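Visitor:
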Amino acid sequence: MSSKRPDRTTLEGMIWNANHALDQALNPDTPGIPRGMIENCKGIILLSVVEAGFIFSGNVGTGVVIAHKYDGTWSPPSAIGLGGIGFGFIAGADVKDVVMCVMDNTTLDTLSVDHQVKIGTQVSATLGPVGREAESALNFTEQGVGRTYSYSFSKGVFGGIALEGALMNVRSKENKRFYGKDVTAKEILWEDTVECPKGKGIEELHQKLELLREGKVAVPTRSALEKKESMRIDAEQAGVAAKTSQTDVVEVDAKEEAKRENEFC
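Letter by letter, the sequence shown follows residues 11 to 275 in this note's numbering.
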């Protein structure tokens, strides 16, 4: 099976990467995210991020936001970008998978509207506590939460990432392409106005979030890995097909840009 990631500018690719991030969070060899964090969060943000100091002076990435609804179920994913652009064509840069637990409705509401949100100003980002049974040390009451806790994984290693100052925005055109109609992020997250396409990995996302909520671990079975590879191929093909219509994606070679930056230092 290929170790290559699919194109990350379409929701197919972003959902694949979101599943990949959750696979790492469920890995028994990692400390894990407190199950109380997942149980009490108002939503989850799953990002694939490149720490790109060149040109962008920060991080760029793509991903999805999923609401944890009042009845305990999880919403369909809404597409988001970090840094104001898609970055599926950045070559030669390491990718970090980021899981962000949104702990208040106000923060999630800011990600339901079609404008940029600045992490650290409008949305906080704090390195989260670890340990699947660590909820006893945390206060998950409604009053005074107002935080978003982040966890990152790079090549299977659990760690942190600096997201302060990064801009996050809804990718409305990508939502329209994937769901086949004009739809707002708010409608996707809260109003049950879209049907989740079958076979795109959304069911797997929801299942893995439930495992995290229960404090469980999981090692992908052979059949799960085969399905993951099939979805990777589908996501790659979706990326190729979408290239001609995408207007919020740029192509960058990280090594070349870093070389140019050094020439001016």
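Backbone N, C-alpha and C fix where the C-beta goes; we use that ideal spot for every residue, glycine too.
Note that the structure is a prediction, hence the values are computed from the model and not measured.
#1: In the DSSP output, what is C303 paired with across the bridge?
#2: Measuring straight from C-alpha to C-alpha, what distance separates L21 and A89?
#3: How do the segment 72–79 and the segment 43–56 stand: do at least 3 beta-carbon pairs fall below 8 angstroms, yes or no?
#4: Looking at the unbroken alpha helix (DSSP H) that takes in L219, where does it start and where does it end?
#5: For my contact list, V227 and P38 are in at a C-beta cut-off of 8 angstroms; report their separation, rounded to the angstrom.
#6: Mind checking whether D33 and G249 have CB atoms under 7 angstroms apart?
#7: Can you tell me the Cβ-Cβ gap for S85 and T72, rounded? I've got them flagged as a contact below 8 angstroms.
#8: Would you identify the three-state DSSP class for V105, choosing helix, strand or coil?
#9: Between N179 and G91, is the Cβ-Cβ spacing less than 7 angstroms?
#10: How many whole angstroms separate the CB atoms of D107 and N50, which I take to be in contact at a CB cut-off of 8 angstroms?
#11: So, using beta-carbon positions, are L222 and I48 closer together than 7 angstroms?
#12: If you run the structure through DSSP and keep just helix, strand and coil, what is G73?
#13: When DSSP builds the beta bridges, which residues end up paired with S88?
#14: Keeping to the same chain, check which residues put their C-beta closer than 8 angstroms to that of V127; ignore five residues upstream and five downstream.
#15: Residues in its own chain within less than 6 angstroms of S67 by CB, not counting five upstream and five downstream?
#16: Excluding the 5 residues flanking L36 on each side, which residues of the same chain have their C-beta closer than 7 angstroms to its C-beta?
#17: Going by the DSSP bridge assignment, what does M178 pair with across the sheet?
Guide: Per the coordinate set shown:
#1: Only positions 11 to 275 of the chain appear in the structure, and residue 303 is not among them; the question remains open.
#2: 6 angstroms
#3: yes
#4: 212–223
#5: 4 angstroms
#6: no
#7: Incorrect: roughly 18 angstroms between the Cβ atoms, too far for contact.
#8: strand
#9: yes
#10: With a Cβ gap of about 22 angstroms, D107 and N50 do not count as contacting.
#11: yes
#12: strand
#13: V75
#14: T120, L121, V133, L177, M178, N179
#15: Here S67 scores only 43 on pLDDT, less than 50, and its place in the model is too uncertain to base an answer on.
#16: K218, L221, L222, V227, A228
#17: L92, V127
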